[in-house]
Amino acid sequence: MTRRDMLRLGGASLLYTMLGSPLAAAASGADAGAQPLFLTPDNLSRLRANVRTPLLRPLFETWAQAAPDALYPLLEKFAETQDRVRDFSAVMMQFEHDCVLHLVQPDPVRTKALCDTITQIASLPYWDYFRDGGTEVLGIQRASMVTVRFLFAREALGDDLPPELERKLMQAVADIGCAECARTLYDMDHPETVRGWSFDTIHADFMDIDMRRWPTILGGHNLRSAPTGALGLGALALRGRDPRAEEWLEMAVGSFHQFLRGFSPDGSYFEGLSYLEYSLRTALPFIDAHRRLIGDVDWLSEVNWDGTLDYVLYMQLGKHADGSPDIVNFSDARRSIFPGAVSLLGAYTGNPLAGFAAQYAGDPTWFYDFLWYRPEAPSEPPPPRLKNMRNDLNWIVCRSGWGADDAVIAFRSGGPANHEHADRNHITFKAFGERLLNDHVGASYDYREPAWKLRQTEAHNAVLIDGQGQIYVDGHEGVNESDAYATILQYEDHGERVWWTSDATAAYRPKNYHLQQVLRTVLFAKPGVLVVVDQVHFRYRPFSVDARFYPDNADGQARLEVEDDRFTLTRPHARLHGLVASDVQAAPRLTQLDLPMATPLFACVEVHAPPALRHHLITVLAATPGADRAAPPMRVERDGDRWKIRAGDLRAEIRTTSHSPEITLL
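Take the sequence shown: its position 651, counting from 1, is numbered 799 in this note's numbering, and each next residue is one higher.
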């Protein structure tokens, strides 16, 4: 019998026969699993104090508004639908909230609801909706979610959890949660043994995806972290109670070694800030518990955690109107980091940026926030070096400051990544609290949906070649990485003046073999002037080129206007003025993304250049506060391949060479 066969059987039938009842078997270190994973005395005191802090009190008060028996209707709905994507998740989210409430303001009705939920969920034959070969249950998101919440509930309920129910909970953690997660990690590490991943029959129509390569694809990004973290925590809790625990623990440690290699040397994370949040949410609980209970791995040396704190900060994009953090939302990113994560990293590293990041970038959401947030931690504002950042991913984020009205520009160059869009050389620009050049949210994960188009180049502030965008996946394998690359050719940081050139030819050429060069150069003159130079050359046949500029219009309050060689993108609190110059008679025009929904939401200005072999498009942009401020002086003068530019207090000359533009500040 091979190890794979043992894992396929999930542990119960075969291992019970070979080893006896796992939870009845004693192993060395019999008390190891009794030590808290979450609620150390310090963490418990911190949790109860944190519900009164200004940062976390609103979240706690929102949770406390739920009735003590709020779990029951959610359980009933899940029992009716068996929908593990939405309804099961809703149960476990309320379960998490109720565990925190139990620790702060216990209620006998809530206590009974928690115990009844454990009874029902532990009695299920499986927790997740992924399968291998149609029948073998895998554990990715739901199995990991339930495993971790069960282990937290075990500690939160304490003596209120009857001994027999505690045994049932731990049996389910072992035979459902850990077994499902272990099978998944084995498949990720041994894809040649996989018979074929799929959704179960209930969720077969959830998405139309070819999962033949998913063990390899998912094994290389954030969805490795979820089953790894749950398996590791389960193994720590089961030590001394289940003979499988040590092997599971070894598997989890090895899997995290592999996962953490996905961080760049500078601490940045390739899937964007939201998926860093998910990765830390699923990795840090195990890392924290393992450091305390085992301590034989130097997890702090696995990642440049100080660099990760930098990344959290420079990927901020000010605030939303409600005061919550806005972020550089390249690809599918949407939300910022949770404050508990950066607080814990600060406790590990002693970095005072963590104290600032928890307040400035923190988006409270999880029970970990109450466990780990440290309001008393040292706090220092970001150093000047974080104002202009080019990271190892070749993403560039530059800002005039950290205030509500300060300007931030984010530029997407670099290679492919899971959850990416076809967005090489895309620009996001925010000033005076408004996304004047927007990166849309709400792109569909499902290629069958109209909003899949939001993933395409035509939905971004980027260039189209003959109306076509960059190479991208067709969605039949999901939202995994494409083959699109862009490379930074130059990056010049002069403090208040910074510029760069990115070559995205490789991202466009598969759709047009006549392409010779697609360069975008950006000059940022703080606080609010941008010069965008699009240089597109073809070999033998002329084609048209379009450069799109989308303002945020999710609320329908953007106003777009075009007149001759000028345009404006106006939001309620700011305006972006544009001036177009070229050597191919380019001119701005109004257009919109072709979607069968409220199309005014996706209106843009498109700088259109008719077919030519060589295109040099110069777009000068200047941001002003308010909705009616006139444009500052803006002028472009051309002399051959030299372009003299004036915008506000910027004076510069740009020479469009065959390699990359040469910029001289005047």
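Note that beta-carbon positions come from the ideal geometry of N, C-alpha and C, so glycine has one too.
Would you call the region 616-631 and the region 548-557 touching, i.e. three or more CB-CB distances under 8 Å?
no
In angstroms, rounded to a whole number, what distance separates the CA positions of Leu448 and Gly510?
22 Å
Is Phe686 closer than 9 Å to Val646 when the C-beta atoms are compared?
no
Assuming contact is defined by CB atoms lying nearer than 9 Å, are Gln507 and Ser479 in contact in what I supplied?
no
I need the boundaries of the alpha helix (DSSP H) containing Asp540, first residue and last residue.
Careful: Asp540 lies outside any alpha helix (DSSP H) and carries neither H nor E.
State the CB to CB distance for the pair Tyr423 and His567, rounded to an integer number of angstroms; the pair is presumed to be in contact (CB under 8 Å).
Contact between Tyr423 and His567 holds: their C-beta atoms lie close to 6 Å from each other, under 8 Å.
Please return the same chain residues whose Cβ sits closer than 6 Å to the Cβ of Glu582, not counting the five positions on each side in sequence.
Cβ-Cβ distances below 6 Å link Glu582 to Arg719, His721 and Ala722 in the same chain, with the five nearest sequence neighbours on each side left out; the list follows chain order.
Would you tell me roughly how many angstroms separate the C-alpha atoms of Ser592 and Val627, rounded to the nearest one?
9 Å
Do you know how far the Cα of Pro433 is from the Cα of Ala481?
22 Å
Can you look up Arg799 in the DSSP assignment and give me helix, strand or coil?
DSSP places Arg799 in strand when its eight states are reduced to three.
Take Ser491 and list the residues in its own chain whose beta-carbon comes closer than 7 Å to its own, dropping the five residues that flank it on each side.
Ala502, Ala506, Trp520, Tyr521, Arg522 and Ala525
Using the three-state DSSP reduction, which class does Lys792 fall into: helix, strand or coil?
strand
Under 9 Å between the Cβ atoms of Ile544 and Tyr661?
no
Please classify Gln464 as buried or exposed, where buried requires at least 16 other C-beta atoms within 10 Å of its C-beta.
buried
Taking the beta carbon of Gln604 as the centre, do at least 16 other beta carbons fall within 10 Å, making it buried, or is it exposed?
buried
Express the C-alpha separation of Arg794 and Gly788 in angstroms, rounding to a whole number.
17 Å
Report the CB separation of His763 from Asp682 in whole angstroms; it is logged as a contact under 8 Å.
Confirmed, Cβ separation roughly 7 Å.
Using C-beta distances below 8 Å, list every residue in its chain close to Leu461, excluding the 5 sequence neighbours before and after it, in chain order.
Correct list, in chain order: Leu501, Phe504, Ala505, Tyr508, Ala509, Pro530 and Leu534.
From this set, Pro487, Leu541, Asp356 and Asn536, which residue's C-alpha is nearest Phe515's C-alpha?
Closest option to Phe515, Cα to Cα, is Pro487.
Using CA atoms only, rank isn't needed, just tell me which of Tyr277, Asp307 and Arg803 is closest to Trp345.
Tyr277
Please return the same chain residues whose Cβ sits closer than 6 Å to the Cβ of Asp217, not counting the five positions on each side in sequence.
Val257 and Ala261
Grab me the residues of Val239's own chain with a C-beta within less than 8 Å of its C-beta, minus the 5 sequence neighbours each way, in chain order.
Leu219, Leu222, Leu223, Phe226, Thr265 and Ile269
Tell me, to the nearest whole angstrom, how far the beta carbon of Ser403 is from that of Arg372; I am working on the premise that it is less than 8 Å.
With 8 Å as the limit, Ser403 and Arg372 qualify as a contact, their Cβ atoms being about 6 Å apart.
Please identify the residue among Glu395, Phe577 and Leu678 whose C-alpha is closest to the C-alpha of Ala868.
Because the chain spans 149 through 814 in this model, residue 868 falls outside it and cannot be assessed.
At the level of alpha carbons, what is the spacing between Thr812 and Ile802?
6 Å
Rounded to the nearest angstrom, what separates Asp631 and Asp390 at their Cα positions?
45 Å
Using the C-alpha atoms, what's the distance from Leu305 back to Arg194?
Between Arg194 and Leu305, the alpha-carbon positions lie close to 17 Å from each other.
What separation, rounded to the nearest whole angstrom, lies between the Cα atoms of Arg777 and Leu663?
40 Å
Which term fits Thr772, buried or exposed, when burial requires 16 or more other beta carbons within 10 angstroms of its beta carbon?
buried
Within 8 Å, do at least three Cβ pairs link the region 584-601 to the region 352-360?
yes
CB-CB under 6 Å to Asn539, same chain, minus the five flanking residues each way: which ones, in chain order?
Asp414 and Ser416
Pick from His807, Arg737 and Thr716: whose alpha carbon is nearest that of Pro780?
Taking each of His807, Arg737 and Thr716 in turn and checking the Cα distance to Pro780, the smallest one comes out for Thr716.
Give the DSSP-derived three-state secondary structure of Ser479 in the structure shown.
Looking at Ser479 - three-state DSSP - the assignment turns out to be coil, as it is neither helix nor strand.
Short of 8 Å in beta carbon distance, which residues of its chain neighbour Pro744, apart from the five on each side in sequence? Order them along the chain.
So the qualifying residues of the chain are Pro598.
Anyone know if the C-beta pair for Arg547 and Ile557 falls short of 9 Å?
yes
For the putative contact between Leu441 and Gly382, defined by C-beta atoms under 8 Å, what is the C-beta separation to the nearest angstrom?
About 13 Å; that fails the 8 Å criterion.
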